[in-house]
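Chains as they are written, first to last, in full-length UniProt numbering: chain X, 1 to 126; chain H, 1 to 126. Glycine is no exception: its CB is placed at the ideal position from the N, C-alpha and C atoms. Since the model is a prediction, treat every value here as computed from it, not as a measurement. Each remark here refers to the structure printed beneath this line.
There are 2 protein chains.
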Amino acid sequence: MADPVNIATAFASFAEPWQPRRLASVNDYDVKVVRLHGEFVWHSHPETDELFLVRSGRLVIQQRDPDGTRHDVELGPDDVYVVPRGVEHCPRADDEVLALLLEPRGTVNTGDAGGERTAELQELDA
Amino acid sequence: MADPVNIATAFASFAEPWQPRRLASVNDYDVKVVRLHGEFVWHSHPETDELFLVRSGRLVIQQRDPDGTRHDVELGPDDVYVVPRGVEHCPRADDEVLALLLEPRGTVNTGDAGGERTAELQELDA
């Protein structure tokens, strides 16, 4: 059996934004820790919902319908939000945000957009 | 799209221990909030891992192998631990613990043990 992991220790172990680390796995789902700073890229995950749990900072999850209608949500510490599968979204953190993510194993950070912001999921010790 | 939910607000909305509430859902997985106080019952979940994230307090997750060998782990605030599928365990909180749980929809709190401690998953507003 694995040992417990500590969220604060996990965040202290890396500094780069937009580079998620695996905190824990439950069956074929991963809980990740990630630092967010600046604006990401618009993308969607056609196959899965994506959960954000904000630990510190303020995160705007910009969302838009296919017709362009916006449904932005703003999250502060302790706020949890689930981006439904298929919804185009683009996280924005004017100041650094620490967050947990939950999604199925293999979910790529840039979803259907791909491109240079795509990051391999890293292990905490890496 | 649903609104964000706040973890602190969620915990403030109920007081009973061992009565999990659904905080959020990701596909067919549920994130639950639960208060733990006292000792639960020994049980296992043959079909799934179960994640505990401690928000406050100290939680001992007692675990034992089929031969009785113990593998207890103690969690404090910010600690995350995953009980592997099939492992017999019994949470114990000498003082109240606030925790988040993550597991597939339909996972029953008492697992294969059943009995009077079995609790229906409740919604936050209920």
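Of all the options H:E123, H:R85 and H:A10, which has the alpha carbon lying nearest to the alpha carbon of Q55 (chain H)? Your numbering for residue 55 (chain H) matches position 55 in the second sequence. For the record, residue 55 (chain H) in the displayed sequence is Arg; it is not Gln. Per the Cα distances, H:A10.
Starting from the Cα of D28 (chain H), find the closest Cα among X:T110, X:E47 and X:V80 and give me that residue. Along the second sequence, one-based indexing puts residue 28 (chain H) at 28. Minimum Cα distance to D28 (chain H) is reached at X:E47.
Could you tell me whether the stretch 74-89 of chain X touches the stretch 8-27 of chain X, using the rule of 3 or more Cβ pairs below 8 Å? Using a C-beta cut-off of 8 Å, the stretch 74-89 of chain X makes no contact with the stretch 8-27 of chain X, since fewer than three inter-stretch Cβ pairs fall below that distance.
Test: H71 (chain X) CB closer than 8 Å to a CB of chain H: Residue numbering aside, residue 71 (chain X) sits at position 71 when the first sequence is read from its first letter. By this cut-off, H71 (chain X) is an interface position.
Identify the continuous alpha helix (DSSP H) that holds F40 (chain X) and give its terminal residues. Reading the first sequence from its first residue, position 40 is the one you call residue 40 (chain X). Counting along the chain, F40 (chain X) falls outside any alpha helix (DSSP H), and DSSP gives it neither H nor E.
Opposing strand residues paired with R85 (chain H) [DSSP bridges]: Along the second sequence, read from residue 1 onward, the residue named residue 85 (chain H) stands at position 85. Partner(s): none; R85 (chain H) has no beta bridge.
Less than 8 Å between the C-beta atoms of V41 (chain X) and R92 (chain X), yes or no? Residue numbering aside, residue 41 (chain X) sits at position 41 when the first sequence is read from its first letter. Residue numbering aside, residue 92 (chain X) sits at position 92 when the first sequence is read from its first letter. The Cβ-Cβ distance between V41 (chain X) and R92 (chain X) does not fall below 8 Å.
Name the DSSP bridge partner or partners of V34 (chain X)? Here residue 34 (chain X) refers to the residue found at position 34 of the first sequence. Residue pairing of V34 (chain X) in beta bridges, as defined by DSSP: X:A99.
Can you give the beta carbon distance from V73 (chain X) to P4 (chain H), rounded, assuming they're within the 8 Å contact cut? On the first sequence, position 73 is the one that residue 73 (chain X) refers to. On the second sequence, position 4 is the one that residue 4 (chain H) refers to. Sure, about 6 Å apart at Cβ, within 8 Å.
Nearest CA to the CA of E96 (chain H): which residue from H:H37, H:H89 and H:E116? Here residue 96 (chain H) corresponds to residue number 96 of the second sequence, with the count starting at 1. Nearest C-alpha to E96 (chain H): H:H37.
Using a 10 Å radius around the Cβ and a threshold of 16 neighbouring Cβ atoms, would you call P20 (chain H) buried or exposed? Looking up residue 20 (chain H) in the second sequence gives position 20. Taking every protein chain shown into account, the CB of P20 (chain H) has 16 or more other CB atoms within 10 angstroms, so this residue is buried.
Give the secondary structure of A93 (chain X) by DSSP, where H, G and I count as helix, E and B as strand, and everything else as coil. The residue given as residue 93 (chain X) occupies position 93 in the first sequence. Note: A93 (chain X) maps to strand in three-state DSSP.
Any non-hydrogen atom of the ligand NAD closer than 7 Å to R58 (chain X) Cβ: Annotation note on the ligand NAD: not contained in the displayed structure, which lists no ligands.
Starting from A8 (chain X), find everything on chain H with Cβ-Cβ shorter than 7 Å and list it in chain order. As a first step, residue 8 (chain X) is located in the first sequence; it is residue number 8 there, counting from the start. Correct list: D78.
Same chain only: Cβ atoms within 6 Å of N109 (chain X), ignoring 5 sequence neighbours per side: Taking the first sequence and counting its residues from 1, the one referred to as residue 109 (chain X) is at position 109. Closer than 6 Å at the Cβ level, and outside the excluded window around N109 (chain X), lie A119.
Any beta carbon from chain H within less than 8 Å of Q122 (chain X)'s own beta carbon? Taking the first sequence and counting its residues from 1, the one referred to as residue 122 (chain X) is at position 122. Not closer than 8 Å to any Cβ of chain H, the Cβ of Q122 (chain X) fails to qualify, so no.
By DSSP, does F14 (chain H) sit in helix, in strand, or in coil? Position 14 of the second sequence, counted from the start, is the residue given in the question as residue 14 (chain H). Coil, per DSSP.
Less than 8 Å between the beta carbons of A99 (chain X) and V34 (chain X), yes or no? As a first step, residue 99 (chain X) must be located in the first sequence, where it is residue number 99. As a first step, residue 34 (chain X) must be located in the first sequence, where it is residue number 34. V34 (chain X) is positioned such that its CB atom lies closer than 8 Å to that of A99 (chain X).
Chain H beta carbons: is any one of them nearer than 8 Å to that of V5 (chain X)? Locating residue 5 (chain X) in the first sequence gives position 5, where the first residue counts as 1. When Cβ-Cβ separations below 8 Å define contact, V5 (chain X) makes contact with chain H.
Taking DSSP's pairing of strands, which residues face S25 (chain H) in a bridge? In the second sequence, residue 25 (chain H) corresponds to position 25, counting from 1. In DSSP, S25 (chain H) forms a bridge with H:D30.
Answer yes or no: does any C-beta atom of chain H fall closer than 8 Å to that of E88 (chain X)? In the first sequence, the residue the question calls residue 88 (chain X) occupies position 88. So no, E88 (chain X) is outside the interface.
Apart from the five residues just before and just after R105 (chain H), which ones in its own chain have a Cβ nearer than 6 Å to its Cβ? The residue given as residue 105 (chain H) occupies position 105 in the second sequence. Hits under 6 Å: D28 and D30.
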